[in-house]
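Engineer: Below you will find the structure I want to go over with you.
2 protein chains.
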Amino acid sequence: MPRRLDEFEIIARHFKPLAAKCEGAMGLSDDAAALRVGAGRELVVTADALVEGVHFLSNDPPDLIARKMLRVNLSDLAAKGATPTVYLMTLALGPAVDESWIASFANGLAKDQDEFGVSLAGGDTTATPGPTTLSVTAMGEVAQGRTLRRGGARDGDGIWVSGTIGDGALGLAAARGESLGLDADAERLLADRYRLPRPRVTLGPRLVGVAHAAMDVSDGLVGDLRHICDASGLGAEIEAARVPLSAAARVVLMHAPERLRDILTGGDDYEILFTAPVSQDGALTALAKETGTALTHIGTMVAGGGVTVRDAAGRALETGHGGYRHFGAPTIR
Amino acid sequence: MPRRLDEFEIIARHFKPLAAKCEGAMGLSDDAAALRVGAGRELVVTADALVEGVHFLSNDPPDLIARKMLRVNLSDLAAKGATPTVYLMTLALGPAVDESWIASFANGLAKDQDEFGVSLAGGDTTATPGPTTLSVTAMGEVAQGRTLRRGGARDGDGIWVSGTIGDGALGLAAARGESLGLDADAERLLADRYRLPRPRVTLGPRLVGVAHAAMDVSDGLVGDLRHICDASGLGAEIEAARVPLSAAARVVLMHAPERLRDILTGGDDYEILFTAPVSQDGALTALAKETGTALTHIGTMVAGGGVTVRDAAGRALETGHGGYRHFGAPTIR
Chain A
0 MPRRLDEFEI IARHFKPLAA KCEGAMGLSD DAAALRVGAG RELVVTADAL
50 VEGVHFLSND PPDLIARKML RVNLSDLAAK GATPTVYLMT LALGPAVDES
100 WIASFANGLA KDQDEFGVSL AGGDTTATPG PTTLSVTAMG EVAQGRTLRR
150 GGARDGDGIW VSGTIGDGAL GLAAARGESL GLDADAERLL ADRYRLPRPR
200 VTLGPRLVGV AHAAMDVSDG LVGDLRHICD ASGLGAEIEA ARVPLSAAAR
250 VVLMHAPERL RDILTGGDDY EILFTAPVSQ DGALTALAKE TGTALTHIGT
300 MVAGGGVTVR DAAGRALETG HGGYRHFGAP TIR
Chain B
0 MPRRLDEFEI IARHFKPLAA KCEGAMGLSD DAAALRVGAG RELVVTADAL
50 VEGVHFLSND PPDLIARKML RVNLSDLAAK GATPTVYLMT LALGPAVDES
100 WIASFANGLA KDQDEFGVSL AGGDTTATPG PTTLSVTAMG EVAQGRTLRR
150 GGARDGDGIW VSGTIGDGAL GLAAARGESL GLDADAERLL ADRYRLPRPR
200 VTLGPRLVGV AHAAMDVSDG LVGDLRHICD ASGLGAEIEA ARVPLSAAAR
250 VVLMHAPERL RDILTGGDDY EILFTAPVSQ DGALTALAKE TGTALTHIGT
300 MVAGGGVTVR DAAGRALETG HGGYRHFGAP TIR
């Protein structure tokens, strides 16, 4: 069994290279990082904790744990209109973590730092007798006063979503070994989509000045739209048939129409859900072309409260009562 | 046994009030906080992880756990010359945490927010089957390019330290029930000093433009001074007799001279260790008066490397070899 590294060796060997491009991180050799924020810009900051056995499994590939951790936070920043810049992380490493785990974890971060143009800026590494527990604080920048919010939607705004919805939930089902009636390749693609989110870091900042409200779809389209409704003091009407689906999801629905509920409420999509005034329809069409990202108009913000989902015939699907909670899911009958 | 709260209730009831004065935190109701950094200022950021059973004990008072967590990070910021502004925290709460624990924890934070003028800006709360694991990311501001560093000390600089050294280490001994030969009140005072650091948030920012290098004394005076030496490419000579001691520490030393080693290497002082050119001696004397903080000149930066500690007769005490490590301690014979 490999010798257990001490904190200094771990940092020097595996994490210092991740901070090489962040001058203010001082090679992780000081107690704090010094960061500049661009003139006329504000800082957008988000934080997440991940626990082994709760948010990831002991035998998940460490590079994927790292990349998902980072991407989920980049997705939050993108949905606020921010361009991600740096992140800090604290690692409480459990007894089973050895150097190969750390090397793979750091390698995953290195890949995504290159892909998304972000850098490690600091953190803390310690040992825990319990499950490995990761915490990340990610930062981005946006023009001052322009951070996109859950609140801010207006009556009559169109409701839009990027990409496709439901692949995260179906991917989780595939990753769990549930049969979706697809061929093995298609199920693996869905599972990959669940395992490795694609945060909309290019699109997000382009929605500043266009969208009135925005958030990323992490807990499910209906539940997250309800958050926008609550924060904006409005209701929302969406049409199930307009919700953009991947080819794989369409095939799944043909065989198992009851999967619609998973698609609309299941989460892990990491697309951007936003509202925009009708006057921006042209700008959004152009933006979709320019960024190569599908943007789909799925409904309208209305007076009142709550989310109404209508089927192809215009009938309201029941989306549950006021008791919606973060870890639950609304009922669609 | 009290009902276990869900994440939303915990945040709404106990943490939202802590973010009331931070406009960009949006009442913790969004996925990210928007923060402004003053014109011409840069952000200083530090992060720490604390694990139950490693950094604090299961039966430690939750308000003290919270306050120590926050203060240790405020101390890091102060030693960088930064004025603390906000913090984010992620909490992975273990099975034994109930609402009274959370209420006490939040109450401790509220007290220290008032005392130090900082605010909660965001974070994440989740459950863990393992030990409670806390992570905090604290931020402060300093004039652009003026963040104080470990590096930057110059040959001939005076070496200074604020307050008194060794009370943290002796306090830990007292908290462990070791007899220090003091009366019960004095031992309790030392233990309190260990349990609740006093970060030098007023002094730190005043050292900008005066000090060449600075850090807080968290791992022990000699070890931390060695970090300044390493980062600055210099050596340091200090006189043991000049190291400022509390009245209690002086009494301990009379009875047990061997405690000098604990005092010089034991850590948990959270004073500021800094170097400054001789030309600043007058400014430092004035600053000590103005801030009501003792500032003591304990030695000189010299060419070479490593820390030499001299006794009253000028003899060098052996401070160990190059093998110094974060979790170890140098030898003083």
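Each protein sequence line maps, in turn, to chains A and B.
Heads up: the first sequence at position 265 corresponds to 264 in numbering that gives the first Met the number 0, and the numbers run straight through without jumps.
Heads up: the second sequence at position 3 corresponds to 2 in numbering that gives the first Met the number 0, and the numbers run straight through without jumps.
Glycine residues also receive a C-beta, built at the ideal position from the N, C-alpha and C atoms.
Determine, using beta carbons only, whether B/Val85 and A/Ala32 come nearer to each other than 9 Å.
Structural biologist: No, they are not a contact pair.
Engineer: Can you give the Cα-Cα distance for B/Thr131 and A/Ser178, rounded to whole angstroms?
Structural biologist: For B/Thr131 and A/Ser178, the distance between alpha carbons rounds to 37 Å.
Engineer: With a 10 Å radius around its C-beta and 16 neighbouring C-beta atoms as the bar for buried, classify A/Arg59 as buried or exposed.
Structural biologist: Note on residue identity: the sequence assigns Asp, not Arg, to residue 59 of chain A. Label assigned to A/Asp59: exposed.
Engineer: Just to confirm before moving on: does the CB-CB distance between A/Thr82 and B/Gly23 stay below 9 Å?
Structural biologist: No, they are not a contact pair.
Engineer: Bridge partners of A/Leu252, per DSSP?
Structural biologist: In DSSP, A/Leu252 forms no bridge with anything.
Engineer: By alpha-carbon positions, which one of B/His254, B/Asp280, B/Phe14 and B/Gly298 ends up nearest to B/Pro243?
Structural biologist: Ranking the options by Cα distance to B/Pro243, first place goes to B/Gly298.
Engineer: Kindly list the residues whose CB is nearer than 7 Å to the CB of B/Met214, restricted to its own chain and excluding five residues on each side of it in sequence; keep chain order.
Structural biologist: Excluding residues within five positions, the ones whose Cβ falls inside 7 Å are Ala78, Arg149, Asp223, His226, Ile227 and Leu272.
Engineer: Nearest by alpha-carbon distance to B/Ala126: which of A/Ile237, A/Glu41, A/His54 and A/Glu238 is it?
Structural biologist: Checked all of A/Ile237, A/Glu41, A/His54 and A/Glu238; the closest Cα to B/Ala126 is A/His54.
Engineer: Run through chain A and tell me which residues come within less than 7 Å of B/Thr339, C-beta to C-beta.
Structural biologist: An answer regarding residue 339 of chain B cannot be provided, because it is not within the stretch 0 to 332 covered by chain B.
Engineer: For A/Lys20, which residues from the same chain have a beta carbon less than 6 Å from its beta carbon, with the 5 sequence-adjacent residues on both sides left out?
Structural biologist: Cβ neighbours of A/Lys20 beyond the five flanking positions: Ser118.
Engineer: Which first and last residues belong to the alpha helix (DSSP H) in which A/Phe273 is found?
Structural biologist: Here A/Phe273 belongs to no alpha helix (DSSP H); instead the beta strand (DSSP E) covers Ile271 to Ala275.
Engineer: From which residue to which residue does the alpha helix (DSSP H) around B/Thr307 run?
Structural biologist: Per DSSP, B/Thr307 belongs to no alpha helix (DSSP H); it is in the beta strand (DSSP E), Gly305 to Arg309.
Engineer: Which residues of the segment 210–232 of chain A have a Cβ closer than 9 Å to any Cβ of chain B? Give them in chain order.
Structural biologist: Answer in chain order: Met214, Asp215, Ser217, His226, Asp229 and Ala230.
Engineer: Whose Cβ in chain A lies nearer than 8 Å to the Cβ of B/Met300?
Structural biologist: Under the 8 Å cutoff, chain A gives no residues; its nearest Cβ is about 18 Å from B/Met300.
Engineer: Is the separation between the beta-carbon of B/Gly122 and that of B/Leu87 shorter than 9 Å?
Structural biologist: The answer is yes: Cβ separation under 9 Å.
Engineer: Using a Cβ-Cβ cut-off of 6 Å (strictly less than) and excluding sequence neighbours within five positions of B/Gly139, which residues of its own chain qualify?
Structural biologist: Val43, Leu76, Ala81, Thr82, Pro83 and Thr84.
Engineer: Assign B/Leu56 to one of two classes, buried (16 or more other C-beta atoms within 10 Å of its C-beta) or exposed (fewer than that).
Structural biologist: It is exposed - the Cβ of B/Leu56 has fewer than 16 other Cβ atoms within 10 Å.
Engineer: Is the segment 241–260 of chain B touching the segment 272–283 of chain B in the sense that three or more CB pairs, one from each, lie closer than 8 Å?
Structural biologist: Judged by Cβ distances under 8 Å, the segment 272–283 of chain B makes no contact with the segment 241–260 of chain B, as fewer than three pairs qualify.
Engineer: Return no unless some Cβ of chain A is closer than 9 Å to the Cβ of B/Pro130.
Structural biologist: True, the Cβ-Cβ gap to chain A drops below 9 Å.
Engineer: Which value, in whole angstroms, describes the spacing of the CA atoms of A/Glu137 and B/Asp310?
Structural biologist: Sequence check: residue 137 of chain A is Ala here, not Glu. About 48 Å.
Engineer: Could you tell me how far apart the beta carbons of B/Ala190 and B/Gly170 are, in whole angstroms, since I believe they sit closer than 8 Å?
Structural biologist: Contact flag correct, Cβ pair sits at about 5 Å.
Engineer: Determine the extent of the alpha helix (DSSP H) in which B/His226 is found, giving its start and end residues.
Structural biologist: Per DSSP, B/His226 belongs to the alpha helix (DSSP H) from Leu220 to Ser231.
Engineer: Just to confirm, is the Cβ distance from A/Ser134 to B/Ala46 under 9 Å?
Structural biologist: Cβ atoms of A/Ser134 and B/Ala46: closer than 9 Å.
Engineer: What's the gap between the Cα of B/Gly203 and the Cα of A/Glu8?
Structural biologist: Cα-Cα distance, rounded: 30 Å.
Engineer: How would you call A/Arg342, buried or exposed, if buried means at least 16 neighbouring beta carbons within 10 angstroms?
Structural biologist: Outside the displayed span of chain A (0 to 332) sits residue 342 of chain A, for which this structure offers no information.
Engineer: Determine whether the Cβ of B/Gln143 lies closer than 9 Å to any Cβ atom of chain A.
Structural biologist: So, interface residue.
Engineer: Could you spell out where the alpha helix (DSSP H) holding B/Pro83 opens and where it closes?
Structural biologist: Where B/Pro83 is concerned, there is no enclosing alpha helix (DSSP H), although the beta strand (DSSP E) it sits in stretches over Thr82 to Leu92.
Engineer: Mapping DSSP to helix, strand and coil, what is A/Asp280?
Structural biologist: Correct three-state label for A/Asp280: helix.
Engineer: Show which residues of chain B have a CB atom less than 7 Å away from the CB atom of A/Ser134.
Structural biologist: Those within 7 Å of A/Ser134 in chain B are Ala48, Thr89 and Ser134.
Engineer: Taking the C-alpha atoms as reference points, what is the distance between B/Val141 and B/Gly208?
Structural biologist: Distance between the alpha carbons of B/Val141 and B/Gly208: 11 Å.
Engineer: Could you have a look at A/Leu17 and say whether DSSP puts it in helix, strand or coil?
Structural biologist: Here A/Leu17 sits in helix by DSSP.
Engineer: How would you label A/Val277, buried or exposed, when you count the other beta carbons within 10 angstroms and need 16 or more for buried?
Structural biologist: Under this definition A/Val277 is an exposed residue.
Engineer: Measure the C-alpha to C-alpha separation of A/Asp268 and A/Gly167 and round it to an integer number of angstroms.
Structural biologist: In a straight line, the C-alpha of A/Asp268 is about 5 Å away from that of A/Gly167.
Engineer: Per the DSSP calculation, A/Phe55 is bridged to which residue(s)?
Structural biologist: A/Glu51.
Engineer: Flag B/Thr125 as yes if its beta-carbon sits less than 9 Å from any beta-carbon of chain A, otherwise no.
Structural biologist: Yes, because at least one Cβ of chain A sits closer than 9 Å to the Cβ of B/Thr125.
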